[in-house]
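Worksheet for the structure shown next.
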Amino acid sequence: EAQVTQNPRYLITVTGKKLTVTCSQNMNHEYMSWYRQDPGLGLRQIYYSMNVEVTDKGDVPEGYKVSRKEKRNFPLILESPSPNQTSLYFCASSLSGTGGETDTQYFGPGTRLTVL
Amino acid sequence: GDSVTQMEGPVTLSEEAFLTINCTYTATGYPSLFWYVQYPGEGLQLLLKATKADDKGSNKGFEATYRKETTSFHLEKGSVQVSDSAVYFCALSEWYGNKLVFGAGTILRVKS
Chain A
1 EAQVTQNPRY
11 LITVTGKKLT
21 VTCSQNMNHE
31 YMSWYRQDPG
41 LGLRQIYYSM
51 NVEVTDKGDV
61 PEGYKVSRKE
71 KRNFPLILES
81 PSPNQTSLYF
91 CASSLSGTGG
101 ETDTQYFGPG
111 TRLTVL
Chain B
1001 GDSVTQMEGP
1011 VTLSEEAFLT
1021 INCTYTATGY
1031 PSLFWYVQYP
1041 GEGLQLLLKA
1051 TKADDKGSNK
1061 GFEATYRKET
1071 TSFHLEKGSV
1081 QVSDSAVYFC
1091 ALSEWYGNKL
1101 VFGAGTILRV
1111 KS
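Now the structure itself:
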């Protein structure tokens, strides 16, 4: 089954404790992206990757890091989490990053992060 | 920059009522437009999309038409069901980088 998976689904942590949220897709997609969802703001892009070893900042990258060493995986790293990073996080992937008729983004189930 | 504005909710309807959720956008180019749906406790699913002016996207009884002259992409359904209760997001995609710019989301509640 074609899917985007994220782990963990729920995480409660404390300020300053490094954490990683994993994202994996099995569709051989080149493009992957991270979004955060906050009430009243919709989803905002954190980082994206056009291919292996190619990453770039989205609209709200502060406090986050990413890496793309393999095509299927795109982990999100919070090196020193703070309470304002409490949010619902979604990973997404698409065939390429060029948009257009066939370039639909598929989303993972989400990771709810609480930073105390 | 590009932006999407959609009507505030929650929208509460009775089963079989007509649904309209308004969405307008601001973009410098010619974006693709999308409606995503988020059911309780789940991720986002693509509901429908349109990639050029006057295109109509449709799926599961929902429809939306890409109106360039009014920069709108309103979502409609003729007869809603309780199972349509969810959060609906309007979004646009920039031509490069495939970034989705989302509206704030509209909660739909359908009562039986």
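Chains as they are written, first to last, in the numbering used here: chain A, 1 to 116; chain B, 1001 to 1112.
Backbone N, C-alpha and C fix where the C-beta goes; we use that ideal spot for every residue, glycine too.
Here the structure is a predicted model, which means the values were calculated and not measured.
Pairwise C-alpha distance: residue j and residue i
i                             : j                             : result
cysteine 1023 of chain B      : glutamine 1006 of chain B     : 4 Å
glycine 63 of chain A         : phenylalanine 1018 of chain B : 44 Å
proline 109 of chain A        : valine 4 of chain A           : 8 Å
threonine 1012 of chain B     : lysine 1111 of chain B        : 7 Å
alanine 1091 of chain B       : asparagine 28 of chain A      : 24 Å
valine 21 of chain A          : isoleucine 12 of chain A      : 12 Å
serine 1072 of chain B        : threonine 1065 of chain B     : 8 Å
proline 83 of chain A         : lysine 17 of chain A          : 11 Å
valine 66 of chain A          : serine 1014 of chain B        : 45 Å
threonine 1070 of chain B     : glutamine 1045 of chain B     : 26 Å
valine 1101 of chain B        : glutamate 1094 of chain B     : 8 Å
glycine 117 of chain A        : glycine 1043 of chain B       : The displayed coordinates of chain A run from 1 to 116. Any statement about residue 117 of chain A would go beyond what the structure contains.
leucine 113 of chain A        : tyrosine 1025 of chain B      : 30 Å
isoleucine 77 of chain A      : threonine 86 of chain A       : 14 Å
tyrosine 1030 of chain B      : lysine 1052 of chain B        : 7 Å
alanine 2 of chain A          : leucine 116 of chain A        : 35 Å
leucine 88 of chain A         : leucine 1075 of chain B       : 25 Å
aspartate 1002 of chain B     : tyrosine 1036 of chain B      : 18 Å
phenylalanine 1062 of chain B : threonine 1020 of chain B     : 10 Å
leucine 1108 of chain B       : serine 1085 of chain B        : 5 Å
glycine 1105 of chain B       : lysine 71 of chain A          : 31 Å
Residues bridged to residue i [DSSP beta-bridge criterion]
i                         : result
serine 1003 of chain B    : B/Thr1026
serine 94 of chain A      : A/Tyr31
threonine 1106 of chain B : B/Tyr1088
lysine 17 of chain A      : None; lysine 17 of chain A has no bridge partner.
lysine 1099 of chain B    : Answer by DSSP bridge pairing: none, since lysine 1099 of chain B is not bridged.
aspartate 38 of chain A   : A/Gly42
arginine 112 of chain A   : A/Tyr10 and A/Leu88
Cutoff 8 Å: residue i Cβ touching any chain B Cβ
i                           : result
leucine 43 of chain A       : yes
glutamine 85 of chain A     : no
threonine 199 of chain A    : Given a span of 1 to 116 for chain A in the structure shown, any question on residue 199 of chain A remains unanswerable.
glycine 123 of chain A      : No information on residue 123 of chain A is available, as it lies outside the stretch 1 to 116 that chain A covers here.
phenylalanine 90 of chain A : yes
glycine 58 of chain A       : yes
Residue i at chain A interface by Cβ criterion, 8 Å
i                             : result
lysine 1068 of chain B        : no
phenylalanine 1073 of chain B : no
phenylalanine 1089 of chain B : yes
glycine 1159 of chain B       : The question about residue 1159 of chain B has no answer, for chain B in this structure spans 1001 to 1112.
glycine 1103 of chain B       : yes
serine 1100 of chain B        : In the sequence as presented, serine is not what sits at residue 1100 of chain B; that position holds leucine. So yes, leucine 1100 of chain B belongs to the interface.
- Query: Taking any Cβ of chain A, which residues in the stretch 1041–1063 of chain B have a Cβ under 8 Å from it, in chain order?
  - Reply: Among the residues of the stretch 1041–1063 of chain B, those with a Cβ less than 8 Å away from any Cβ of chain A are Glu1042, Gly1043, Leu1044, Gln1045, Leu1046, Lys1049 and Thr1051, in the order of the chain.
- Could you pull out every unbroken beta strand (DSSP E) segment of at least 3 residues lying fully inside the stretch 43–80 of chain A, listed in chain order? Those beta strand (DSSP E) runs which fall completely within the stretch 43–80 of chain A and span 3+ residues are 54–57 and 76–78.
- Looking at chain B, which residues of the stretch 26–51 of chain A have a Cβ within less than 9 Å of any of its Cβ atoms? Those residues of the stretch 26–51 of chain A that come within reach of chain B (Cβ to Cβ, closer than 9 Å) are Tyr31, Ser33, Tyr35, Gln37, Pro39, Gly40, Leu41, Gly42, Leu43, Arg44, Gln45, Tyr48 and Met50.
- Which runs of the beta strand (DSSP E) fall wholly inside the stretch 1048–1077 of chain B and span at least 3 residues, in chain order? Within the stretch 1048–1077 of chain B, the runs of beta strand (DSSP E) at least 3 residues long that lie entirely inside it are, in chain order, 1056–1059, 1062–1065 and 1075–1077.
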